[in-house]
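The next block holds one structure in the form of structure tokens; read it before the comments.
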Amino acid sequence: MATFHKVHIQEVKQETANAVSVLFKIPENLQSDFKFTSGQYVTLQKEINGTEIRRAYSICSTPKSGAIRVSIKAVENGIFSTYATSHLKEGDEIEITAPEGRFLLNPEPNKNYIAFAAGSGITPILSMVKSVLENESSSSFTLVYGNKTVADTMFYDELNALKEKFSGRFKLHYIFSRENVKNQLQGRIDKSVTNYFVKNMYKETSFDAAFICGPEEMIHEVSKTLESNKIAKENIHFELFTVSIDEEAADQVKEGTTQITVLLDDEKTTFTMQQTDDILAASLRNELDPPYSCQGGVCSSCLAKVTEGKAVMVKNSILTDSEVAEGFILTCQAHPTTSTITIDFDDV
518 MATFHKVHIQ
528 EVKQETANAV
538 SVLFKIPENL
548 QSDFKFTSGQ
558 YVTLQKEING
568 TEIRRAYSIC
578 STPKSGAIRV
588 SIKAVENGIF
598 STYATSHLKE
608 GDEIEITAPE
618 GRFLLNPEPN
628 KNYIAFAAGS
638 GITPILSMVK
648 SVLENESSSS
658 FTLVYGNKTV
668 ADTMFYDELN
678 ALKEKFSGRF
688 KLHYIFSREN
698 VKNQLQGRID
708 KSVTNYFVKN
718 MYKETSFDAA
728 FICGPEEMIH
738 EVSKTLESNK
748 IAKENIHFEL
758 FTVSIDEEAA
768 DQVKEGTTQI
778 TVLLDDEKTT
788 FTMQQTDDIL
798 AASLRNELDP
808 PYSCQGGVCS
818 SCLAKVTEGK
828 AVMVKNSILT
838 DSEVAEGFIL
848 TCQAHPTTST
858 ITIDFDDV
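With my numbering, letter number 157 in the sequence shown gets 674, and the count goes up by one each step, no holes.
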């Protein structure tokens, strides 16, 4: 079961016309539960128009600060993001989970890091940048950050202040797709832009790790380009905010029913579900309370393990091939393909 804690909002700060950052007031007795690593996220829960809505948002503060702050950008038809950017205010109560996630940076000495971020993808990257600069004086960070315009750029002033303060160790480069800004690139982060930085501007620098956050197409293109420039695949880390459907996997989802047994909080529950339904949704409709957040296959909150039977995921940007081989699934994207299946939420 997902554990939500009721906390109050300490501050809501307008970052751009359609984005805010939200600072939570974490009670003293929960401080240890909310320790985190740069790159992690928290899940927020709020009842909006009579419906309980959950969404995951990356933490933009640093572990050293002791603060839990996230940024939220309004997206078209986004129920939670629209509500948060227009209604949340200081003093409001909201429910929040402890930090989680696999997109991590633990700063180490004598390392050169590079990151590519687009739009709200800056949120976890900002935490990483600040953690490296604050904690490892022998390490450097290079950031390439893409947006439509300067006005759309989240944390623009904060990033510029960091560049000035840590000029010897923090290299900051903007790229704008809809505005021509002096001394900045125009366009989008793609193969040519990636090559420009790693093959030309920083050709004498050996990057130890790369972090990418933004649209799926950008992430795949930048990742492949970095690999072709001899940055090992295991040193390239990314986090998607959306992910496309795996058509081959989707073709395996057929009409039919499955008897499913779910192990959750040491209790077993068995029911029948449609194979065209995803396991998380079916579990929720049968009054179970499994952990979940984004419901889009881009976080790992709903992780479970198949211990009997088989399932196929129509989206997956989180689990490795070896984890899938071990039976792990994202239940929000998993459909059973056998007549019986057993899912264990506890063994993760």
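The beta-carbon is built from N, C-alpha and C at its ideal position, and this holds for glycine as well. In this text the structure is predicted, and so the values were computed from the model without any measurement.
Rounding to the nearest angstrom, what Cα-Cα distance links A536 and T855 in this structure?
Counting from 1 along the sequence shown, the entry for residue 536 is found at position 19. Counting from 1 along the sequence shown, the entry for residue 855 is found at position 338. It is roughly 44 Å from the alpha-carbon of A536 to the alpha-carbon of T855.
Return the chain-ordered list of same chain residues with a C-beta closer than 6 Å to the C-beta of G826, the five sequence neighbours on each side being excluded.
In the sequence shown, the residue the question calls residue 826 occupies position 309. If the five residues before and after G826 are omitted, its C-beta is found closer than 6 Å to the C-beta atoms of T855, T857, I858, all from its own chain and listed in chain order.
Under the rule that 16 or more other beta-carbon atoms within 10 Å means buried, what is D795, buried or exposed?
Here residue 795 corresponds to residue number 278 of the sequence shown, with the count starting at 1. Buried, by the Cβ-count rule.
Can you tell which of F658, N629, S654 has the C-alpha that lies nearest to the C-alpha of I642?
The sequence position of residue 642 within the sequence shown is 125, counting from 1. Cα-wise, what sits closest to I642 is F658.
Going by CA-CA distance only, name the one from S810, H690, T786, C811 that's closest to S800.
What you label residue 800 is simply residue 283 of the sequence shown in a count that begins at 1. Comparing Cα-Cα distances from S800 to each of S810, H690, T786, C811, the minimum goes to T786.
How is the alpha helix (DSSP H) around R467 delimited, first residue to last?
The structure shown does not extend to residue 467, since the chain is modelled only from 518 through 865, so no value can be given for it.
Kindly indicate which three-state DSSP category Q562 falls into: helix, strand or coil?
In the sequence shown, the residue the question calls residue 562 occupies position 45. Note: Q562 maps to strand in three-state DSSP.
Would you check whether the ligand ADP has a heavy atom nearer than 6 Å to the C-beta of T778?
Among the components of this structure there are no ligands whatsoever, and the ligand ADP is therefore not found.
I526 and E460 - do their beta-carbons sit closer together than 7 Å?
The shown model of the chain, from 518 to 865, leaves out residue 460, and the question about it has no answer.
In the DSSP assignment, find the unbroken beta strand (DSSP E) run with F830 in it and report its ends.
Taking the sequence shown and counting its residues from 1, one reaches residue 830 at position 313. Here residue 830 is Met; the residue named in the question, Phe, does not match the sequence. Residues 828–830.
Should D852 go down as buried or exposed, given a rule of 16 or more other Cβ atoms within 10 Å for buried?
Position 335 of the sequence shown holds residue 852. Sequence check: residue 852 is His here, not Asp. Buried, because 16 or more other Cβ atoms sit within 10 Å of the Cβ of H852.
First and last residue of the alpha helix (DSSP H) that includes T599?
Along the sequence shown, one-based indexing puts residue 599 at 82. If you look at T599, you'll find it in the alpha helix (DSSP H) that goes 596–604.
So, at 6 Å on beta carbons, what are the nonlocal neighbours of R571 in its own chain, with the 5 sequence-adjacent residues on each side left out?
If you number the sequence shown from 1, residue 571 lands on position 54. Answer for R571: T560, Q562, S810, listed in chain order.
Neighbourhood of I770 by C-beta distance below 8 Å, restricted to the same chain and skipping five residues each side:
Your numbering for residue 770 matches position 253 in the sequence shown. What sits at residue 770 in the sequence shown is Val, not Ile. Q792, T793, V829, V831, H852, T854.
How is A519 classed by DSSP in three states: helix, strand or coil?
Mapped onto the sequence shown, residue 519 falls at position 2. DSSP, reduced to helix, strand and coil, places A519 outside both helices and strands of the structure shown, so it counts as coil.
Option nearest D863 by Cα separation, candidates D782, T579, N712, T670
The residue you call residue 863 lines up with position 346 of the sequence shown. Here the closest residue by C-alpha is D782.
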